[in-house]
Amino acid sequence: MRVELRGITKRFGSFTANDAISLTVEPGQIHCLLGENGAGKSTLMNVVFGLLHADEGEILINGESVAFSNSGDAVRKGIGMVHQHFMLVPVFTVAENVVLGFEPTKSLGRLDAKAAADQIRTLSARFGLDVDPDAVVENLPVGLQQRVEIIKALSHDAELLILDEPTAVLTPQEIDALMDIMRSLAAAGKSILFITHKLKEVRAVADVITVIRQGRVVDTVSPSLSEGELATAMVGRSVSLTVEKEDVVVGAAVLELRNVTVRDDRGVAVVTNVSLDVREGQIMAIAGVQGNGQTELVEAIAGLRHVESGTITLGGRDITNASPRQILDAGLGHVPEDRQRDGLVLSLSVADNLVLNAAAKAPFAKGWNRRLAAVRDNATALVERFDVRTTGIDAEVGSLSGGNQQKVIVARELSRDITCFIAAQPTRGLDVGSIEYVHSQIVAERNSGRGVVIVSSELDEVLALGDQVAVMFAGTIVDVVSPDVGREAIGLLMAGGGQ
Amino acid sequence: MTTTPVNGRGRVIAVLMMALGLLVAMAFGFGSAGNAHSVFTFAPVNISGDRPWHLGDLTVLTRWWNVVLGLLIIALGVETWVRRPKAALARFGGAAIFFLVALLFWASRSPGPSQVPFVNVTSVLTGSSAIAMVLIFGSLSGVLCERAGVVNIAIEGQFIGGAFFGSVIASTTNNFILAALGGAVFGALLGWLLAFLAIRYLADQVIIGVVLVTTMSSLTSYLNLQVLTPYPNLNIGNTVATLPIPLLDKIPLIGPVLFNETGFFYLAILLVAVVSFALFRTRWGLRVRAVGEHPKAAESVGINVARTRYRNVIMGGAVAGVGGVAFMATQGQFQPDYTSGLGYVALAALIFGRWTPSGAVVASVLFGLSAYLANGLQSYSVPISSEFIGMFPYLVTIAVVAGLIGRVRPPAADGIPYQRS
Numbered sequence: 001m002r003v004e005l006r007g008i009t010k011r012f013g014s015f016t017a018n019d020a021i022s023l024t025v026e027p028g029q030i031h032c033l034l035g036e037n038g039a040g041k042s043t044l045m046n047v048v049f050g051l052l053h054a055d056e057g058e059i060l061i062n063g064e065s066v067a068f069s070n071s072g073d074a075v076r077k078g079i080g081m082v083h084q085h086f087m088l089v090p091v092f093t094v095a096e097n098v099v100l101g102f103e104p105t106k107s108l109g110r111l112d113a114k115a116a117a118d119q120i121r122t123l124s125a126r127f128g129l130d131v132d133p134d135a136v137v138e139n140l141p142v143g144l145q146q147r148v149e150i151i152k153a154l155s156h157d158a159e160l161l162i163l164d165e166p167t168a169v170l171t172p173q174e175i176d177a178l179m180d181i182m183r184s185l186a187a188a189g190k191s192i193l194f195i196t197h198k199l200k201e202v203r204a205v206a207d208v209i210t211v212i213r214q215g216r217v218v219d220t221v222s223p224s225l226s227e228g229e230l231a232t233a234m235v236g237r238s239v240s241l242t243v244e245k246e247d248v249v250v251g252a253a254v255l256e257l258r259n260v261t262v263r264d265d266r267g268v269a270v271v272t273n274v275s276l277d278v279r280e281g282q283i284m285a286i287a288g289v290q291g292n293g294q295t296e297l298v299e300a301i302a303g304l305r306h307v308e309s310g311t312i313t314l315g316g317r318d319i320t321n322a323s324p325r326q327i328l329d330a331g332l333g334h335v336p337e338d339r340q341r342d343g344l345v346l347s348l349s350v351a352d353n354l355v356l357n358a359a360a361k362a363p364f365a366k367g368w369n370r371r372l373a374a375v376r377d378n379a380t381a382l383v384e385r386f387d388v389r390t391t392g393i394d395a396e397v398g399s400l401s402g403g404n405q406q407k408v409i410v411a412r413e414l415s416r417d418i419t420c421f422i423a424a425q426p427t428r429g430l431d432v433g434s435i436e437y438v439h440s441q442i443v444a445e446r447n448s449g450r451g452v453v454i455v456s457s458e459l460d461e462v463l464a465l466g467d468q469v470a471v472m473f474a475g476t477i478v479d480v481v482s483p484d485v486g487r488e489a490i491g492l493l494m495a496g497g498g499q
Numbered sequence: 500m501t502t503t504p505v506n507g508r509g510r511v512i513a514v515l516m517m518a519l520g521l522l523v524a525m526a527f528g529f530g531s532a533g534n535a536h537s538v539f540t541f542a543p544v545n546i547s548g549d550r551p552w553h554l555g556d557l558t559v560l561t562r563w564w565n566v567v568l569g570l571l572i573i574a575l576g577v578e579t580w581v582r583r584p585k586a587a588l589a590r591f592g593g594a595a596i597f598f599l600v601a602l603l604f605w606a607s608r609s610p611g612p613s614q615v616p617f618v619n620v621t622s623v624l625t626g627s628s629a630i631a632m633v634l635i636f637g638s639l640s641g642v643l644c645e646r647a648g649v650v651n652i653a654i655e656g657q658f659i660g661g662a663f664f665g666s667v668i669a670s671t672t673n674n675f676i677l678a679a680l681g682g683a684v685f686g687a688l689l690g691w692l693l694a695f696l697a698i699r700y701l702a703d704q705v706i707i708g709v710v711l712v713t714t715m716s717s718l719t720s721y722l723n724l725q726v727l728t729p730y731p732n733l734n735i736g737n738t739v740a741t742l743p744i745p746l747l748d749k750i751p752l753i754g755p756v757l758f759n760e761t762g763f764f765y766l767a768i769l770l771v772a773v774v775s776f777a778l779f780r781t782r783w784g785l786r787v788r789a790v791g792e793h794p795k796a797a798e799s800v801g802i803n804v805a806r807t808r809y810r811n812v813i814m815g816g817a818v819a820g821v822g823g824v825a826f827m828a829t830q831g832q833f834q835p836d837y838t839s840g841l842g843y844v845a846l847a848a849l850i851f852g853r854w855t856p857s858g859a860v861v862a863s864v865l866f867g868l869s870a871y872l873a874n875g876l877q878s879y880s881v882p883i884s885s886e887f888i889g890m891f892p893y894l895v896t897i898a899v900v901a902g903l904i905g906r907v908r909p910p911a912a913d914g915i916p917y918q919r920s
């Protein structure tokens, strides 16, 4: 199917998310849409999929102009979308999810379960997408859930498949499998729109690359370009893709975990018997696919989650199940994974957020009274030093962009006297410029002799920053390796291959 | 991910069951005099006509039978301890039945304080079936609403409203079918209001629900005072006649309980079957459940989330409205705050029954029995206050919600307003 976008413009209030975007996807083509977070890729795809209405411009399918009032219309025209957050009902079976909205029925509106399962088996066989129709989706690994999404789109006779950041949640091996699936679908004549900001994947699989920046198409390039050239096109200036790290003498252990076991909210042990040492002047990168216990481990260290058994020692002090306040006072700097939920009070000002964990202490308070002058001085200095882009220190922190919100948290945590710095997903959702900055700050902490822990599901980040890489799988640390062992080896560990 | 079950919670309920068993054995068993007897009779009261089959009276030694019942409860507790959390709910239900039977043995023992030296099992079951029926209507209403993702706390309000208008219609027309229709329409109207505020204005569903209950309670009290009191022929309090099913109603015990019931009772049973089938076997049900679990996913395949929710909440309101009429039709004359919290018990039955129609029936039967006994036990001069037994459904619900009895999982999007992106 040939899909052509002509001059698509989408505005939200005064903000133009898509500005006269035109592109054409040919049949059997893997067309990559490359752009940073916030460049307008997802908005554009939601327009194509009928979830949003364009203010201007038109969509042509095989030369014919179409208008979608909802995603059902788009599906009927042969457009399928695999969303970044899966549109699957966790408690339904694979078959139920695939047929939802297009159910085969018998008399009285009864579901025809057999027909549904057969439909999936046919599609599985035809495109080599192996999955059990009767499996319950929530019991499937993420890679298979994504496969269900693809089957769902294909079952609606999709000729154009939109994949929105499909690799964010996958292991390297699952990514390879997905790439193979994409190639075989393209070979079968399906058109694919592949949205991503990951340069490696683009080069591996794309036929054509459309680069968008700040809502505009800036270039259409071929995948033969180098990663550096692609990054330059995406960001609009040359960027450093590597992190400069000088050699530092590694000192004594500042953070020691011994046989730590932690349960999640449902009471399931999601971290079991984890032991780990983080030394002065060392970045310990915890790698792993999301949902393998990293989140809960960091929460346990920061005192936000009960430690079932084992001990955590920070700078020689036992902080197991101490209160978050005690742990912060003991010298932990913590950048939480969900910055808007756990890192900031969005409706408070930048200045107040910058003293969130020290507001009751000198010099920001004296007795019962806050010392607002000190709070303001602190804010002015930190905004300057950490290059936070804001209309002022009194602006609500919620009005800042994601990258600047993250800078506020990093500034707050690093401006205190800490011995260990722990950052969960420090660059998630940030643009390349902010990533560079946050990375340089993390390395600076390490160079000044602090222990640093970063948790990241981005393998590139792990490899660029980590002095040591601890790989988590199913709640245990499978191995602690040097980043020099390579992405293949670490990818295998992330998939549980080390066990 | 590993899925080791929680150890602690399954054990808490096991310990509670063992403690309950011990209490039964000690207080109801050894607390009874050694020569005390308990008599269970089965002859139906108020039903004339010939009875081809009879059940004789059951006379037991109170002490030893209650000790055995206590031991059975302890055994169920031990089994829960060992095999948690599989079927913990069923075992807990069994223990609760044993407890109530032991309570009845103890309360009616003779010699003892009781004025009535026997328990008529048939009338206990008939009386509690009338309450269970109302609870079934209420919890089915909850199933319909919550499966689509809207919490209906307003069941109590729909009961009261349905009962009020049902009474007026039944008194003026003496036609309970019309009364049921009127109750359904009024309940549907309240359902629509709940859905409108919840879906259109994304208001907090629990708050709207509570507001609707309070409003209905006050409104019907006011109308009762201003309209029904001066015009008593609008509130005669005639009850609906039973429709015995030939032959089947002659079966001892279950005949009078199941086959000599009102049309409302049969309707409730029919509705359970219909809703259960529709929810789990049909396209409609799949879509409703998808809307209640993951509305965004439903929307992405062209299902209209708002319309589905409106439809279900309106249907749920209608069912609860009929439930209110059914209550009035079996209990008589409308009074202010007539349903005395049964709507909340229905909500508890919904949770205890894990948001399924069949589970709601089991829970309704259990809670109906306990609600009936809360009142019925007074005639035995039992030194237990009826309010204490009235707490039973709520205590059980707290235990269920706290995860003490197996794992309960409401629909994932239950109570969360849905906004189109």
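Read top to bottom, the protein sequences are chains L and H. Read in the numbering used here, the first sequence has 368 at position 368, and its numbers run on one by one without any break. Take any residue in the second sequence, count from 1 to its spot, add 499: that is its number in the numbering used here. Note that the Cβ used here is the ideal one computed from N, Cα and C, for glycine as well.
Chain L contact for residue i (CB, 9 Å cutoff)
i              : result
I802 (chain H) : yes
E792 (chain H) : yes
S799 (chain H) : yes
A789 (chain H) : yes
A653 (chain H) : no
T781 (chain H) : yes
A772 (chain H) : no
G786 (chain H) : Per the sequence presented here, residue 786 (chain H) reads as Arg, with Gly not at that position. Chain L, which has a Cβ nearer than 9 Å to the Cβ of R786 (chain H), makes this yes.
Residue i - partner residues in DSSP beta bridges
i              : result
D417 (chain L) : D417 (chain L) is not bridged to any residue.
A253 (chain L) : L:R279
L163 (chain L) : L:V82 and L:F194
I477 (chain L) : L:M472
Boundaries of the beta strand (DSSP E) in which residue i is found, first to last residue
i              : result
M284 (chain L) : Q282 to A287
L193 (chain L) : S191 to T196
L60 (chain L)  : E56 to I61
I319 (chain L) : From DSSP, I319 (chain L) is part of no beta strand (DSSP E); its letter is neither H nor E.
Q22 (chain L)  : First, the amino acid is wrong: residue 22 (chain L) is Ser here, not Gln. Here the beta strand (DSSP E) through S22 (chain L) covers F15 to V25.
L314 (chain L) : V307 to L314
Contact with chain H by residue i, beta-carbon distance below 9 Å
i              : result
L465 (chain L) : no
R110 (chain L) : yes
L154 (chain L) : no
I86 (chain L)  : Going by the sequence as given, residue 86 (chain L) is Phe instead of Ile. Output row for F86 (chain L): interface = yes.
H31 (chain L)  : no
P90 (chain L)  : yes
T391 (chain L) : no
N97 (chain L)  : yes
Element boundaries [alpha helix (DSSP H), containing residue i]
i              : result
Q173 (chain L) : P172 to A187
L865 (chain H) : P856 to G875
R487 (chain L) : R487 to M494
I897 (chain H) : F891 to V900
V455 (chain L) : No alpha helix (DSSP H) contains V455 (chain L), which is instead part of the beta strand (DSSP E) from G451 to S456.
I676 (chain H) : F675 to A694
Residue i Cβ short of 8 Å to the ligand ATP heavy atom set
i              : result
P166 (chain L) : Ligands are entirely absent from the displayed structure, and the ligand ATP is therefore not among its contents.
Exercise. Are three or more beta carbon pairs between the region 679–688 of chain H and the region 808–826 of chain H nearer than 8 Å?
Worked result: yes
Exercise. According to a CB-to-CB cut-off of less than 7 Å, which residues of the region 66–77 of chain L neighbour chain H?
Worked result: N70, S71, G72 and V75
Exercise. Hey, is the region 685–700 of chain H in contact with the region 639–656 of chain H, meaning 3+ C-beta pairs nearer than 8 Å?
Worked result: yes
Exercise. Can we say the region 343–351 of chain L touches the region 318–333 of chain L, given the rule of at least three CB pairs closer than 8 Å?
Worked result: no
Problem set entry | Meets three-Cβ-pair contact criterion under 8 Å: the region 563–578 of chain H and the region 512–528 of chain H | yes
Exercise. Which residues, taken in chain order from the region 685–699 of chain H, show a beta carbon closer than 7 Å to some beta carbon of chain L?
Worked result: none
Problem set entry | Meets three-Cβ-pair contact criterion under 8 Å: the region 628–636 of chain H and the region 821–835 of chain H | yes
For this session: Could you please tell me which residues of the region 730–758 of chain H, in chain order, have their CB closer than 8 Å to any CB of chain L?
Result: none
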